[in-house]
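Residues in the sequence shown are numbered consecutively from 2, following my numbering. Beta carbons are placed, not taken as given, at the ideal position from N, Cα and C, and that holds for glycine. Quick caveat, the model's predicted, so the values are computed rather than measured. Have a look at the structure below before the remarks.
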Amino acid sequence: MTTSLPYHSHYLQKIRQNRPLVHNITNIVAANFSANGLLALGASPIMAAAIEEMESVPALSNAVVINIGTLIGKEVEAMELAGKTANRLGIPLILDPVGVGATPFRRQTVETLVDQIHFTAIRGNAGN
2 MTTSLPYHSH
12 YLQKIRQNRP
22 LVHNITNIVA
32 ANFSANGLLA
42 LGASPIMAAA
52 IEEMESVPAL
62 SNAVVINIGT
72 LIGKEVEAME
82 LAGKTANRLG
92 IPLILDPVGV
102 GATPFRRQTV
112 ETLVDQIHFT
122 AIRGNAGN
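Given below as structure tokens:
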């Protein structure tokens with residue numbers, strides 16, 4: 002299915018007018034690509050991962066993205082707190098469960114996040 006550029010340009014124009022702040026808890030591989038992609042669209046990315054910021058940064062944001070690409074124990078706590086904060090404030094929340102089936106730790110982390118947090122969208126790729 003293809004759609005014309007003018008159809009999509011309406012949404013791009015809205016993003017550029019509103020310049021939404023997008024809080025990303027992401028992996029080291031995707032951080033640069035995510036930040037530059039958001040900047041190119043006209044959004045304003047913030048790549049905060051410290052648990053000490055997981056109530057204040059989501060509260061300032063227009064959306065929160067949680068990517069489990071490089072999981073670190075403390076970061077999981079930060080993801081949970083950011084997600085709960087976004088839910089409490091009605092902020093859209095996206096989960097990117099990178100490699101969820103690769104290890105028991107990843108699977109358990111995603112199960113915990115999905116049990117405790119309501120995600121607006123869950124990103125996914127077709128796998129083997």
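| task | Look up PRO93 in the DSSP assignment and say whether it is helix, strand or coil. | result | Correct three-state label for PRO93: coil.
| request: Assign ALA64 to one of three DSSP states: helix, strand, or coil. | output: DSSP places ALA64 in strand when its eight states are reduced to three.
| CB contact flag (THR71, ASN28, <8 Å) | Result yes, Cβ atoms of THR71 and ASN28 sit closer than 8 Å.
| Alpha-carbon to alpha-carbon, ILE118 and GLU78 | Looking at the two C-alpha atoms, the distance is approximately 12 Å.
| request: Compute the Euclidean distance between the alpha carbons of PRO59 and LEU94, then round it to the nearest angstrom. | output: Distance between the alpha carbons of PRO59 and LEU94 is about 10 Å.
| task | Taking only the alpha-carbon atoms, compute the straight-line gap between ALA41 and LYS75 and give it to the nearest angstrom. | result | C-alpha separation (whole angstroms): 31 Å.
| Are HIS24 and ALA83 close, meaning C-beta to C-beta below 8 Å? | Yes, the Cβ-Cβ distance between HIS24 and ALA83 is below 8 Å.
| task | Whole angstroms is fine: what's the gap from VAL66's alpha carbon to PHE120's? | result | Each residue's alpha carbon lies about 10 Å from the other.
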